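Protein chains in written order, with this note's numbering: chain A, 10 to 331; chain B, 10 to 331.
Below, the structure is given as C-alpha cells:
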C-alpha cells in the first residue's frame, strides 16, 4: 500500500491511498484523518485502509493524482533521526568537510529538525548562495511506537513505511558546527519528502535485510547526477532503530534516515549529493571543481522498481532566494 | 500570567490558567484546548486568556492545583533547541567530558528530542546506572512563529513564555557522541518541565536583557546542591533565537534552552548538574569524587521570586530502573 497526504484540511494534510500505478488517489480521511493518526494506531489503521481500498471499487474511478496538490507524507513529524550509514559517503565527506568524526562500532546519527518537511514540489528558500546549498538523497523509514531498549531483530517489525527524502544541507556551516561536538542546527534546515509513503511489503524484493534495494535517481538541472543503490548500508534500518531507542522510547511517526545513498563504485554510479562529487574531485584531481547549488537550480529524485514504476513518486524542486 | 497543562484530554493535556499564588487553576480549554493551540495564535489567545481569568471571579473559587495532576506545559513540542550559554559551565564540562568543543563567536546549540517532555513529578526510567545519570537545571523560553533571518532585537518580541527545565543527560554516552561531530542522540533522552509556563511580564524585574534573573534551587536527595543565578548567560535568549533562526523559520511552540545554569563563583553557589561538581573536584582535588545518580535518587528544582513565590512550581522526580 502507498499513502499520501493531500494539501487540504490542517497542516498535517488529509490522508489518501494511492493507486498501484500512482495516477489515482482515494480520500482515506474517514479511516484516519492524517498519516500521523494512522501511525498512532497502525495495526488497525492499516487493516482498515486495505478494506477501504478494496470496497472503493476500481482505482480508475478514484480522483486523479496531482502531485502539486500533495504535501510530504508527514508534513511535520514529532521526531526525525538521520544516520550516515553508507561508508563510501562518510569517507568522501571527511575530505570535503575537513573534519573526521571519531568512528566506533555504532551508527552515526543526529537529531534533525522535524517540525516541517517540504512537499515534493515546494520551492526551497535559502538566505544566500554562499551557504553551500546541497541536496542529499536518501531513503527513510517511519515507525510506530518503539519501546526503549529494543533489539535490532524486534525493531524490524516496527518499520511501517518507507519514504524517499531530500535532506537539504548547507555545507559552509556544516564543518564549524561539527567541530562544536553539538551537531548541526544551522547546517540542517527542513528536509523534503517524495509524495508516497510505501509499506515494506509493497516493495517486494526491493526490501530486504532492513535495506531499500533500489537505485536512487538524482538529476541536477535536468542532467543525470547519480544512480546509487540503497543496499550498501553498513547498518540496516532495524539496526538504526535499535541504536536510536537505546535510551528512549520512539514515538509513533518517528522518521529514521539512511544518510546520503552512496556506493563504493561512485565513479560509475555517481552521487546523491554535490559534496560527495566534490570529495571525488579532491581525490582524483586534487581540488573540488563542482560548485554548490545556485538560485534557480532544480533537483529531481526518484526510485524506479524493476517494473518501471516510480515507487515513491518524484521530488522535483526549485531553489530560490528566501 | 502563568499557564499549565492538566493531565486530561489528549496527550497534549488541557490548558489551565494558574492563580497568582499557584494554589488554584482555571480550566481554559474554552479559550484554547491546549498550550500549543494557544501558541499557534498567541496574540489573540493571550488576550482571551486574560479576559477569561478576569471574568471568572476570585481565584479562591478556582479548582485547587494538584501538581501531580499536571503534565509539562508542553507535554510534547515540535522543536526543542538547547544551548550552552553559561561560560563557567562550558569550561568545567570540558574537564569532565574530556572533549573541548571548538568555540567561535556564536552560541553552542543542539537539536534535542522534543516528542516528549516529562511532567514535574513523573518517575524517570533509565536502563542502567552505568550510563552516568545526571540532571541539568536550566531555564527555557517558548516562542510563537519566528521568521528566518530575524535579528536578536526583533526576536525579543517572540518570547512568549518562560519555563524551568531539567535536561536529563547520560554522561557516559556524551563524550563518545560529541566526538562523532553529529551531536547527541543516546546521551540526551527526554527532558522534564516544571508545572508553570510564565509570561515574561509576570517575572517583573526578574526578566531583563533576555535573561532570567532568578536563582535556580537544585536539591539532590533533599540536600542543597546548587543556587546558581540565571543572569550570567553569555548570550541572551533573544540572541539564541536569532542563532537558531538563521537558516530556518521557527514554528510556534519551539522551546529554546539556556543550557545548565552556572556561575563563575561555583564554589559558593554550587551547581545545577552533577557533572559540573565533578569538574570542580577535578580542578580542586585532581579527581572526581561525586558519583552520578542511582536508582531511588530524587532531584528537586525550583526558582523563587523576591516575594517568596515559587515562580514555575517545582520539579521533584524519582529516578527508577526502566
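Glycine is no exception: its CB is placed at the ideal position from the N, C-alpha and C atoms.
None of the values given here were measured: they were computed from a predicted structure.
Does the Cβ of residue i have 16 or more other Cβ atoms within 10 Å, making it buried, or fewer, making it exposed?
i: residue 52/B; result: exposed
i: residue 91/B; result: buried
i: residue 63/B; result: exposed
i: residue 166/B; result: exposed
i: residue 143/A; result: buried
i: residue 17/B; result: exposed
i: residue 141/A; result: buried
i: residue 156/B; result: exposed
i: residue 194/B; result: buried
i: residue 183/A; result: buried
i: residue 124/A; result: buried
i: residue 120/A; result: buried
i: residue 288/B; result: buried
i: residue 19/B; result: exposed
i: residue 25/B; result: buried
i: residue 295/B; result: exposed
i: residue 88/B; result: buried
i: residue 247/B; result: buried
i: residue 75/A; result: exposed
i: residue 221/B; result: buried
i: residue 109/A; result: exposed
i: residue 253/B; result: buried
Interface residues of chain B around residue i at Cβ under 8 Å?
i: residue 140/A; result: 256
i: residue 179/A; result: 256
i: residue 331/A; result: 157 and 158
i: residue 260/A; result: 85, 124 and 125
Can you pull the chain A neighbours of residue i, defined as C-beta to C-beta under 9 Å?
i: residue 185/B; result: 111, 113 and 115
Cα separation between residue i and residue j?
i: residue 21/B; j: residue 279/B; result: 35 Å
i: residue 271/B; j: residue 241/B; result: 7 Å
i: residue 326/B; j: residue 48/A; result: 31 Å
i: residue 164/B; j: residue 208/A; result: 42 Å
i: residue 269/B; j: residue 262/B; result: 21 Å
i: residue 335/B; j: residue 44/B; result: In this structure chain B extends from 10 to 331, so residue 335/B is not present and cannot be described.
i: residue 203/A; j: residue 290/B; result: 53 Å
i: residue 300/A; j: residue 106/A; result: 14 Å
i: residue 229/B; j: residue 308/B; result: 5 Å
i: residue 135/A; j: residue 304/B; result: 47 Å
i: residue 275/A; j: residue 176/B; result: 42 Å
i: residue 233/B; j: residue 160/B; result: 39 Å
i: residue 190/B; j: residue 118/B; result: 13 Å
i: residue 60/B; j: residue 32/B; result: 20 Å
i: residue 85/B; j: residue 72/B; result: 25 Å
i: residue 306/A; j: residue 323/A; result: 16 Å
i: residue 152/A; j: residue 292/A; result: 38 Å
i: residue 225/B; j: residue 137/B; result: 28 Å
i: residue 150/B; j: residue 46/A; result: 29 Å
i: residue 198/A; j: residue 65/B; result: 44 Å
i: residue 227/B; j: residue 310/B; result: 5 Å
i: residue 255/B; j: residue 196/B; result: 26 Å
i: residue 83/B; j: residue 258/A; result: 18 Å
i: residue 67/A; j: residue 237/A; result: 36 Å
Taking 7 Å as the cut-off, is the C-beta of residue i nearer than that to any heavy atom in the ligand COA?
i: residue 23/B; result: Judged by which ligands are present, the structure shown has none, so any question about the ligand COA falls away.
So with CB distances below 7 Å, who are the chain A contacts of residue i?
i: residue 71/B; result: Under the 7 Å cutoff, chain A gives no residues; its nearest Cβ is about 32 Å from residue 71/B.
i: residue 165/B; result: Simply none; closest approach about 20 Å.
Can you pull the chain B residues whose beta carbon is under 7 Å from the beta carbon of residue i, in chain order?
i: residue 189/A; result: 110, 111 and 117
i: residue 199/A; result: 257
i: residue 120/A; result: 120, 121, 122, 192 and 194
Which chain B residues are close to residue i, counting only those with a beta carbon under 9 Å from its beta carbon?
i: residue 326/A; result: What residue 326/A touches in chain B: nothing, since even the nearest Cβ is about 16 Å away.
i: residue 136/A; result: 157, 158, 255 and 256
i: residue 90/A; result: 122 and 194
Using CA atoms only, rank isn't needed, just tell me which of the options is closest to residue i.
i: residue 39/A; options: 116/A, 57/A, 150/A and 287/A; result: 57/A
i: residue 267/B; options: 258/B, 180/B, 219/B and 135/B; result: 219/B
i: residue 3/A; options: 87/A, 122/A and 200/A; result: In the structure displayed, chain A extends from 10 to 331; residue 3/A sits before or after that span and is not available.
i: residue 42/A; options: 23/A, 249/A and 55/A; result: 23/A
i: residue 28/A; options: 319/A, 11/A and 97/A; result: 11/A
i: residue 101/B; options: 181/B, 297/B, 128/B and 158/B; result: 297/B
Please look up how many angstroms separate the CB atoms of residue i and residue j, rounded, as I've assumed it's under 8 Å.
i: residue 173/A; j: residue 312/A; result: 6 Å
i: residue 145/A; j: residue 178/A; result: 5 Å
i: residue 249/A; j: residue 94/A; result: 7 Å
Mind listing the chain A neighbours of residue i? Cutoff is C-beta to C-beta under 8 Å, in chain order.
i: residue 87/B; result: 85, 87, 123 and 124
I'd like to know whether the C-beta of residue i is nearer than 8 Å to at least one C-beta of chain D.
i: residue 98/A; result: Going by chain labels, chain D is absent from the structure shown, which instead holds the protein chains A and B.
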